[in-house]
Amino acid sequence: MPRQITITAEYFRQYRQKLGFSNQADVKDFFGAKDITPTVDLSYIKLLNDRLYNMIDKINDVVVKEIKIDDLVAFKKEHIDRTFEIMKGNDILPVLNNQGRRPEQVYYSWMRGYVLSNYFLKALGLIFEVDTSSIDLIGDDDLKNVETFKRTPKADLEIKLNGKEKVRIEMQSGFTGINDIKQHKVLEAKRVFRDLGFHTLAIHFDLYNGQVA
Numbered sequence: 000m001p002r003q004i005t006i007t008a009e010y011f012r013q014y015r016q017k018l019g020f021s022n023q024a025d026v027k028d029f030f031g032a033k034d035i036t037p038t039v040d041l042s043y044i045k046l047l048n049d050r051l052y053n054m055i056d057k058i059n060d061v062v063v064k065e066i067k068i069d070d071l072v073a074f075k076k077e078h079i080d081r082t083f084e085i086m087k088g089n090d091i092l093p094v095l096n097n098q099g100r101r102p103e104q105v106y107y108s109w110m111r112g113y114v115l116s117n118y119f120l121k122a123l124g125l126i127f128e129v130d131t132s133s134i135d136l137i138g139d140d141d142l143k144n145v146e147t148f149k150r151t152p153k154a155d156l157e158i159k160l161n162g163k164e165k166v167r168i169e170m171q172s173g174f175t176g177i178n179d180i181k182q183h184k185v186l187e188a189k190r191v192f193r194d195l196g197f198h199t200l201a202i203h204f205d206l207y208n209g210q211v212a
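The sequence shown lines up with residues 0 to 212 when you count with numbering that gives the first Met the number 0.
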């Protein structure tokens with residue numbers, strides 16, 4: 000006569016215990032191989048960083064004198080080398096993923112936008128007629144914390160205009176011919192205007208398609 004089994008929480012616990020696990024999450028991670036962290040190709044990352052170097056060199060050659068970076072070596076060291084080392088040292092690289100892309104590709108896409116945002120601070124200063132010291136990087140990407148390094152609705156920059164007025168800037172750059180603005184960015188801009196009275200502007204740098212605007 001077959002033995003009757005009552006399915007209870009204790010039955011599940013014993014099953015997990017026999018497998019060698021103390022909780023359900025670890026079992027799911029094991030069978031889904033989610034506990035295996037893919038190795039980041041640091042040789043590929045080096046090539047991507049070299050491309051960021053080359054990208055900045057080329058852009059700096061063609062922009063007007065007023066916004067050129069005077070010390071490119073220092074700029075690259077601060078915004079490429081240092082940023083990479085912080086992300087590497089805090090295990091940010093392996094968790095970078097977006098729609099199945101490789102971590103290295105997500106890294107490069109993020110870094111390209113980050114580097115260009117810093118490069119064009121002089122240009123924004125001229126546009127808004129302020130010193131670059133009046134421009135603050137306020138984005139929520141935390142280079143030292145895996146949990147908070149994620150897409151955030153918060154704008155990238157905040158500019159103190161003459162007087163007490165402030166404006167927030169959402170920086171965009173990409174290959175698309177359409178300047179799409181994510182819904183969560185729009186909702187955040189509405190919240191900031193409602194709660195703080197700050198306007199938010201989206202500025203798109205179109206550089207990658209062999210055209211410029």
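Glycine is no exception: its CB is placed at the ideal position from the N, C-alpha and C atoms. On a predicted model such as this, the values are computed, not experimentally measured, just so you know.
Closest option to ASP56, judged by alpha-carbon separation, among THR82, LEU120, LYS189 and VAL114: VAL114.
Nearest C-alpha to ARG167 among LYS181, GLY196 and PRO102: GLY196.
In the three-state DSSP reduction, VAL166 falls in the strand class (E or B). Of the candidates GLY124, ARG193, ILE35 and PHE20, the residue whose Cα lies closest to the Cα of ASN161 is GLY124. Per the coordinates, the alpha-carbon of LYS165 lies some 13 Å from the alpha-carbon of LEU136. The C-beta distance from LEU51 to ASN59 rounds to 12 Å, too long to meet the 8 Å contact threshold. Beta-bridge partners of ASP135 (DSSP): GLU157. Segment contact: the segment 27-47 against the segment 103-118, three or more CB-CB distances shorter than 8 Å; contact assigned.
Non-local C-beta neighbours of ILE68 in its own chain, meaning closer than 6 Å and more than five positions away in sequence, comprise ASN59 and PHE74, ordered along the chain. Between the alpha carbons of ILE66 and THR199 lies a distance of about 23 Å. Put simply, the backbone Cα of ARG193 is about 53 Å away from that of TYR14. For ALA201, the beta-bridge partners assigned by DSSP are GLU169. In the DSSP assignment, SER21 falls outside any alpha helix (DSSP H) and carries neither an H nor an E. About 6 Å separates the CB atoms of SER172 and LEU206; that is less than 8 Å, so the two are in contact.
Around the beta carbon of PRO102, 16 or more other beta carbons lie within 10 angstroms, which makes this residue buried. The DSSP-derived three-state label of ASP49 is helix. Taking the CA atoms as reference points, MET86 sits about 20 Å from GLY99. Under the three-state reduction of DSSP, ARG81 is assigned to helix.
When only Cα atoms are considered, PHE20 and VAL26 end up about 6 Å apart. Here ASP40 has GLU103 as same chain residues with Cβ atoms under 7 Å from its own Cβ, once five neighbours each way along the sequence are excluded.
Cβ-Cβ distances below 6 Å link LYS159 to SER133 and LYS165 in the same chain, with the five nearest sequence neighbours on each side left out; the list follows chain order. Excluding sequence positions up to five before and after LEU95, its CB lies within less than 6 Å of the CB of PRO102, VAL105 and TYR106, all in the same chain and listed in chain order.
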